[in-house]
Structures are given as structure tokens and as C-alpha cells.
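**Q** Got a structure here, written out as C-alpha cells. Questions coming.
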Amino acid sequence: MGNRINELASQIAEKFRSSGYEVSVKDVYKRLKLLIDEFKVPENEAIRTVTNYFIKEFDVPRDQLVIAESPLIKIADIKSPGQWVSLKAKVVQLWDSSSPNVSQVGLIGDESGIIKFIIWAKANKPEVKEGKCYLFTNVVSDSFAGRMQVNINRNSRIEEIDEDIQLPPREIEVVGALIAIQQNSGLIRRCKICNRVLTKDVCPIHGKTESYDDLRVKGVIDDGENYYEIILNEENIKRLTGIGLDEAKSIAMENLDRNSVLSELKSRLLGRYYKLRGTRGERYLIVSDIGVLNAELRKEVEKLLEGV
Amino acid sequence: MIAGGKSFRRAVARRVFAFELNNATYRIESGDKAIQLLLPTGVACSRIFLVGVLLDKEETRPDSDFWKVKFSDPTGVFRGFVGRFQPDALETLLKIEPPEIVAVVSKIRLFEGETATLVTVRPEIIVPVEREVRDYWIVETAKHTLSRIENMKKGGDELVELAWRVYNPDLDAYEEKTKEVVKTVLEQHSVIEVKSEGDEETVEEELAVKTEKEREEVEDLEISDLDEFEFEEEEWDLSDILED
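Protein chains in written order, with the numbering used here: chain F, 10 to 317; chain U, 6 to 249.
Set out below in C-alpha cells:
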């Protein structure tokens, strides 16, 4: 525990030092230790209290200290909530705000990744525009429903910059095992008007409607570190299994059951490794090219044995 | 993937050999989330993907549709159960005659008894696959295991530190075992390359010998303790199924 406090104390002292104020580590340590050890105050509250104390003591202009503690980083480096950071990013997408407390909400991105952002109404900032790039200074990371986001508050600044920031490639290559095939896969029916998939012969928009057959697989590719939800179209499926729309229809006819197509696809596709390329959508990776993984086992093994 | 609408996170399927999985005893408390098992090499695991041999299937009671299953990789066995709540796995299991090479996607359960803990698998998917898939799985799993071992040596990560405290694993032993297993992939390959020109029977025989050998290894691993709580485990698993 003592070590941890020591560490925090030097961090706080360092923060002041980088803004040009000499604060004694020992002094910080004493105050922190009292709050954390004696009074059992939660760590982050203790840090805030001690920091505020020295801000008052030295009469540090608040924004000066804040600027000093918000390093310019890449979006991919945002890993935990409560990080104060600055980002150079492009506004990828604006969503409809669902709350009067939120001025704007959407996605921003840089070369390393894409993250959700929220500009609070209270922050009183000018609006950002889709496709433009900005320097976001002093924004704070947060986690919501298991995902990271950044919040823009009163202490933040937004400045438009004359730079075109590249977003991460939307097309990615993945190698992994197909570990699940989801519902609404196999031989499906689509609405003739809107192409949506029918469930129980009913289109979610157009109700009972004329339809046509299609073949697709919604599945999950897993590489042991990440998973990707993918969509395979008829062409992909035919290349992998030899089963195209016509073959699928005759399998369904023979068995008098459309579901038999899905069973057949599951037994041929699940549990195998694939190498694929696809374009990221909101949730699914739309596969453009896929093949069974043809690994050079001998090489891989040799690499493993000498590599360590 | 970009956030949008509902954010439902699926658990990643870890690649882990039986000997490591069966050494795991520690459950990570994480409130609302499904159980997470802490692996001795310092990652959380609630789902696995394995490609091995279905050694045995046995219905616990006649017509109960509740099957005890045993899968093997070159390092040991994965024990578990398949029931009506895993319809995909059950459907294919009924058609498979062991021994057969299968790919398995499975949830992980941890039974905590008085004197010992037991890791069991609850397969969601069981599919017969080709031999090459199994070979690649061994290489892939070795790769993942070795990289977890590296991370353990580096330290720093919260789960890694926890794994050191809970298991204090003998990483050299893990590393050695992992490399040993990888080598078997090459050995098998040379066997097949030579024999493939000859008659198929020899290959079949080879396979039979291999399975026999795996069986023996399995017997070795069966600690006498296990029998003692076999019944309890079943009872526990059943109650769990009812909750589902």
C-alpha cells in the first residue's frame, strides 16, 4: 500500500512540476496517506482532494494544470475510463441526440481507431460537422455498456484543424475458425420490394408480400483473441461448399425441408479455419473474399519451436 | 467493431490445451457476467474452441437426452455434458460414433467440491472435421499458449498478476509440454506422407494405435478423486441446467 501511495504522490508532484510549480513529494505523500490509509477515502477521491489542495495553495490557474495533464494520444491508446487526453480526430458520424443534456453524439476516428464521443450541452461548445477534423483538448474517457467513449465537457476545447486525418482501413483481413452460424442463415426468403429477410414469410416492413429465395450465412469467426460477425453471400458459400442457390433449392426439395440446407451448411462449414477479407459495417463484416485456410504447418511449427 | 445499437459482447473462444484447462481452479467474480475461469497462464476464459477426438459418449440415464462426453487432445481430456439446452451439439452428437475427430465450441463450467475443483465443458457445437483442422488447431493453440506464457513472464497485467498469486505456475513445464505437443504434428505428417502411397489400412491402424495411446494417457490422468464426486458433479450440473 505504501508503495502505491508513493507512486501516486510522485505522479501528482510531477503534474505540478510540469506546469512549473514545485510541490514536495513528501508533502503530497503525507496528505495522501492520511486520506487513504487513515480515513479509507477511495483512491481517486483522495487524489482529487490533494490535487485541489495544492491548486488552492499555489493559486494555480485551473486550466493550466489541466492542459498539462492531457497528453495528445491516439484513440487506440484509450483503454480505461477516467483518462484525460487530447485527440486529433475526424468526425466520422453524427447520431441523433436522445437527451436534452447531450448537445452532440457520434463517432470520431483517427488512424488508430474509432470511438464514440459525447458533447454535453453544459459544455457549451460550437457544433462539430461530419467529415471535418478537430483537435479535441482535455476530453475524458469513459466506459458505457462495456465500450470506451470520450466525453467533452466544460474544461475541454474543440478547434477545427486544417488536416485530413486518415481513418483505419475499413477493409480487413481475418484468419480464424467459424464457431457459430446464427439464425436467419441458409435458404432464406427476401421481400421483393425492400430485399429484407422475411421471418415466417412476413416482411418486417411490408407484411405479407411477394418474395424470392436467397442463400446466406450469418456467422462468427473467432481467432482466439477477437471475434468477428460475418455475412457470407451466395457466391462465398458456393465457393466454399459447392452449394449455390440452385443446389440449395434441390436439397430443400429432396428433404421437403428448407432447414435441411442450414444443417448441411453447418456440417460443412463450422469448426474449420478460414482466411477472409471483408468490409466493416456497423455490426457485420461483409465478406468479399473467403477461402479455407491453407496453412504451411511445417513452417509454422518450426517457427514456434525456434521462436521461443 | 464499431459501436452501434445494442452492445452485446460475446465471449471469445480461447485456445487452450486440456492439461492447462484442467489445472484451472479459480473463478473470477464479475457480477452479472457469465462465469470466467482464470487460466494458469493469466487470461480469463468462459468459452473454448477445441479440435480433438470424441473418445466417449454415454447417456447418463436412458432417454434422458443428457450425455456425458469426453474429448481428448494430445495433452489430456476435456470432460463435459451435452443436454437438450445445447440442441445443435445434441443433434450432431447423436449421429457421431466415437472415436472421431471433432471441432467443439464450448462454454466452461467450474464445479467446486469440498476437496477439489473440476472444470467441465458444455459444448454448444460439435462437428466432425478433417484431420488437417485438428493439426492446425494444435499449432494455433500452441502459439496462443506460448504467447500467454510470454505475457506471464513480462507481468504487469492485472490477470497475469492474479494468476501468479493463485497458481504460481511452472512456466518452463508448460512451455516444454507445449513444444512437445507441437512436434507431434510434424511426426504425424511424416507418417502420413510415407504411408499415403501404401494401403489405407496402415493409416487406419496408425490412427487406432494413436487413439489407444491417447486413451492410456487419459487413464493416467484420471485421478482417483474424480470418481468420488462424479455424482455430485452431475447433480450440480443438472440443477444448473434447470436454471437455464
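Yeah, the Cβ is synthetic: ideal placement off N, Cα and C, and Gly gets one too.
Quick caveat, the model's predicted, so the values are computed rather than measured.
Closest to F/Q113 by C-alpha separation, out of F/E120, F/K97, F/V94, F/E139, would be which residue?
**A** The shortest C-alpha separation from F/Q113 is found at F/E139.
**Q** If you measure beta-carbon to beta-carbon, which residues of the segment 145–169 of chain U are closer than 9 Å to chain F?
**A** Hits within the stretch, in order: E145, T146, A147, K148, H149, L151, I154, E155.
**Q** Whole angstroms is fine: what's the gap from U/F236's alpha carbon to U/K100's?
**A** Because U/F236 carries a pLDDT of 37, less than 50, the predicted location of this residue cannot be relied on, and no value is offered for it.
**Q** Using DSSP with H/G/I as helix, E/B as strand and the rest coil, what is U/R15?
**A** It is coil, neither helix nor strand.
**Q** Taking C-beta pairs closer than 8 Å, name the residues in chain F that U/D140 reaches, listed in chain order.
**A** Ordered by position in chain F, the residues that pass the 8 Å Cβ test against U/D140 are L306.
**Q** In or out: U/R153 buried (at least 16 other Cβ within 10 Å) or exposed?
**A** Buried: at least 16 other Cβ atoms inside 10 Å.
**Q** Which residues of chain U have a Cβ atom closer than 8 Å to the Cβ of F/L176, listed in chain order?
**A** Neighbours of F/L176 on chain U: none; closest Cβ ~11 Å, over 8 Å.
**Q** To the nearest angstrom, how far is the alpha carbon of U/E219 from that of F/K247?
**A** In this prediction, U/E219 scores a pLDDT of 48, lower than 50, which makes its location untrustworthy; no coordinate-derived value is stated.
**Q** Just checking my contact of U/T125 with U/G88 at CB under 8 Å: how many whole Å lie between their CB atoms?
**A** Not quite, the Cβ-Cβ distance comes to about 12 Å (not below 8 Å), so this is no contact.
**Q** Would you list the one or two residues that DSSP bridges to U/S77?
**A** For U/S77, which the question treats as bridged, DSSP gives the partners U/V58, U/V82.
**Q** DSSP three-state label for F/Q20, please.
**A** Correct three-state label for F/Q20: helix.
**Q** Excluding the five sequence neighbours on either side, which residues of its own chain have a C-beta within less than 6 Å of the C-beta of F/L314, listed in chain order?
**A** Once the five neighbours on either side are set aside, F/L314 has no close Cβ partner at all.
**Q** Do the segment 162–182 of chain F and the segment 119–135 of chain F make contact, defined as three or more Cβ pairs closer than 8 Å?
**A** A contact exists between the segment 162–182 of chain F and the segment 119–135 of chain F.
**Q** My assumption, with CB atoms under 8 Å, is that F/D210 sits in contact with F/K217. Please give the rounded CB distance.
**A** That pair is a contact at about 7 Å.
**Q** Tell me which same chain residues have a C-beta within less than 6 Å of the C-beta of U/G57, skipping the five on either side of it?
**A** Correct list, in chain order: F76, S77, D78.
**Q** By the three-class DSSP mapping on this structure, what secondary structure does F/N12 have?
**A** Residue state, collapsed to three classes: helix.
**Q** Where does U/L226 fall in DSSP's three states?
**A** Note that U/L226 scores a pLDDT of 41, beneath 50, so its modelled location is shaky and nothing firm can be said.
**Q** Specify whether the segment 286–299 of chain F and the segment 179–195 of chain F touch according to this definition: at least 3 beta carbon pairs, one from each stretch, less than 8 Å apart.
**A** They touch, by the three-pair rule.
**Q** Residues of chain F with CB closer than 8 Å to the CB of U/V17, please, in chain order.
**A** By Cβ distance, chain F contributes D231, G233, E234, N235, Y236.
**Q** If you draw a straight line from the alpha carbon of U/E25 to that of U/Y179, how long is it in whole angstroms?
**A** Taking the straight line from one Cα to the other gives about 8 Å.
**Q** Is the separation between the beta-carbon of F/R289 and that of F/R179 shorter than 8 Å?
**A** Yes, the pair counts as a contact, with Cβ atoms nearer than the cut-off.
**Q** Can you tell me which residues form a DSSP beta bridge with F/C142?
**A** Answer is F/K99, bridged to F/C142.
**Q** Which complete beta strand (DSSP E) runs does the segment 189–242 of chain F hold, if anything under 3 residues is left out?
**A** Here the runs fully enclosed are 195–200, 220–231, 236–241.
**Q** Just the Cα atoms here: how many angstroms apart are F/K141 and F/K99?
**A** Approximately 6 Å between the Cα atoms of the pair.
**Q** Can you give me, in chain order, the residues of the segment 91–118 of chain F that have a beta carbon less than 8 Å from any beta carbon in chain U?
**A** The residues in question are L116.
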